[in-house]
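The opening position of the sequence shown corresponds to residue 1 in UniProt numbering, with each subsequent residue numbered one higher.
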Amino acid sequence: MDAKRLIHIVSLSPPSCTSTASWISPPTPGCPTLRNNHHPNPTIIIGVTARAAPGAIMWVSVMRRWVKYRRAFQILFFVVVAAGMFLGMRPTPPPAAYSWMMSFYHLGGLFGCTVLSYLAFPRWKWWCRGVAMFGVGVMVELVQSFHPNRVTDMEDILANSAGVALGLILIAAWKSWSSYRRHGLPVRSW
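Dropping the structure here:
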């Protein structure tokens, strides 16, 4: 959610209200709600109750920081992708001490880019994120085939795909866990 719609307000609620650190959820009957009237689409916002667990308050703090630094994550994502593409498309051969090291670099690089893409653009669908990251890996390998001292390696493409898959699995696990933590329900679709 964007920064304008994701606002958590710490409020004191009656003891009958359940502790919640949810995103935007329907109001609980008898519990106070606040409206964000500074946004073109006002939304009902539920706050954290006074008797909320410290973990719930920490959760709100993490979400606020995530939204606050979203633009930084977006810039970092594009910088990392551009740096990876530049390093992967250089005509000089990379140093290869061990064959598994390069596969590990490919796996780790695309894993990091996939996770960073979620931090920067959380509304992307999982398949769109997977196709985009897989496309970056294949494009780098394709450009490498045009350089005289570099070759396209199927192991690198498999390592890239494994990194993207592991990143998507981590994102799905995070979404499922955060949905369960917020609402007590598993994620229906990601």
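For every residue, glycine included, the Cβ atom is placed at its ideal position computed from N, Cα and C.
(request) Mind checking which residues open and close the alpha helix (DSSP H) that includes HIS183? (result) 154-183
(request) Give the secondary structure of LYS68 by DSSP, where H, G and I count as helix, E and B as strand, and everything else as coil. (result) helix
(request) Quick one: using the 10 Å Cβ neighbour count with 16 as the cut-off for buried, is ARG65 buried or exposed? (result) exposed
(message) Quick check: the Cα distance between PHE77 and LEU116, rounded to an integer number of angstroms?
(response) 6 Å
(request) For ARG35, name the three-state secondary structure that DSSP assigns. (result) Only weak support is given to the placement of ARG35: the predicted model assigns it a pLDDT of 45, under 50, and the value that follows is read from those uncertain coordinates. Reduced to three states, the DSSP call for ARG35 is strand.
(request) Assign HIS183 to buried or exposed, taking buried as 16 or more other Cβ atoms, counted over all protein chains shown, within 10 Å of its Cβ. (result) exposed
(request) Can you grab the Cα-Cα spacing for the pair ARG150 / PHE86, in whole Å? (result) 14 Å
(request) For ARG129, count neighbouring C-beta atoms within 10 Å of its own C-beta (all shown protein chains included) and say buried if the count is 16 or more, exposed if not. (result) buried
(request) Determine the extent of the alpha helix (DSSP H) in which TRP127 is found, giving its start and end residues. (result) 126-144
(request) Using 10 angstroms around the beta-carbon of ALA120, count the other beta-carbons present and answer buried if the total reaches 16, otherwise exposed. (result) buried
(request) Would you kindly work out how many angstroms separate the C-alpha atoms of ARG90 and VAL164, rounded to a whole number? (result) 22 Å
(message) Here's the rule: buried if 16 or more other CB atoms are within 10 angstroms of the residue's CB, otherwise exposed. What is residue 193?
(response) Only positions 1 to 190 of the chain appear in this structure, which leaves residue 193 out of reach.
(request) Tell me whether GLU141 is buried or exposed, calling it buried when 16 or more other Cβ atoms sit within 10 Å of its Cβ. (result) buried
(request) Assign VAL136 to buried or exposed, taking buried as 16 or more other Cβ atoms, counted over all protein chains shown, within 10 Å of its Cβ. (result) buried
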